[in-house]
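Chemist: Provided herewith is a single structure, encoded as structure tokens, for subsequent inquiry.
Residue numbers (the working numbering): 1 to 220.
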């Protein structure tokens, strides 16, 4: 089963226990607004405890969610049936203000279920286009070689939908340069080893020196 916790911002810390054993510890700092862990649950009752703490002052309003979903059958069979009959499929995935914001980080992997959705759509229809709404790179390794096109939409604003339709229909040529380098893996990012604070501290050392931006990727 996939167990996820969604918090409203970085000022909320939490610990998640399954049958009295800790499975997620984000008490001192949270790595993502929406984080997922996987656990085996046998048939029968289980004890799940979610502890919360507020860190510092400031606004902490928003939604707090805890969910448990089986790793299989995340995709609606009706969606698969529609994909099989369609001339082409456009799958829009990514994040929103509740999963990526200035008040908290997000995981490099897509939110729960989205990788499975892309995989099911690509298996049902070879003309599956993936549109990613995000502020940066995401992990595409599970499905990138199974789809003919991926479009990074970023956070395009009010006319983003119109611009996207013009690109998909061929009315506009989406030519241009990417503003950043998109990593294949999070480990490919030059800051991956110094992104979070050191254990039991609030210190984040900048160990990459001058190897920042494009220099960091050239050094990789």
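For every residue, glycine included, the Cβ atom is placed at its ideal position computed from N, Cα and C.
Here the structure is a predicted model, which is why all the values come from computation and not from measurement.
Are the stretch 110-123 and the stretch 43-50 in contact at 8 Å, needing three or more beta carbon pairs?
Modeler: Counting Cβ pairs under 8 Å, fewer than three are found: no touch.
Chemist: Decide yes or no for the touch test of the stretch 101-114 against the stretch 156-174: beta carbon pairs closer than 8 Å, at least 3 of them.
Modeler: No, they do not touch.
Chemist: Going by alpha carbons, who is nearest to residue 7 out of 34, 180 and 133?
Modeler: Ranking the options by Cα distance to residue 7, first place goes to 34.
Chemist: Three or more C-beta pairs closer than 8 Å, one from the stretch 61-81 and one from the stretch 128-144: is that the case here?
Modeler: Because the criterion of three Cβ pairs below 8 Å is not met, the stretch 61-81 and the stretch 128-144 do not touch.
Chemist: With distances taken between CB atoms, is the gap from residue 29 to residue 10 smaller than 9 Å?
Modeler: Their beta carbons are under 9 Å apart, which means residue 29 touches residue 10 by this criterion.
Chemist: Give the list of continuous beta strand (DSSP E) stretches no shorter than 3 residues that lie fully inside the stretch 29-94.
Modeler: Complete beta strand (DSSP E) runs here, min 3: 34-38, 48-54, 65-69 and 89-94.
Chemist: Residue 92 to residue 161, Cα distance in whole Å?
Modeler: When rounded, the distance between both Cα atoms is 11 Å.
Chemist: Looking only at its own chain, which residues have a Cβ that is under 6 Å from the Cβ of residue 171, when we skip the five neighbours before and after it?
Modeler: Nothing listed; no residue qualifies.
Chemist: I believe residue 231 touches residue 130 by the beta-carbon criterion, under 8 Å. Please report the beta-carbon distance rounded to the nearest angstrom.
Modeler: The structure shown does not extend to residue 231, since the chain is modelled only from 1 through 220, so no value can be given for it.
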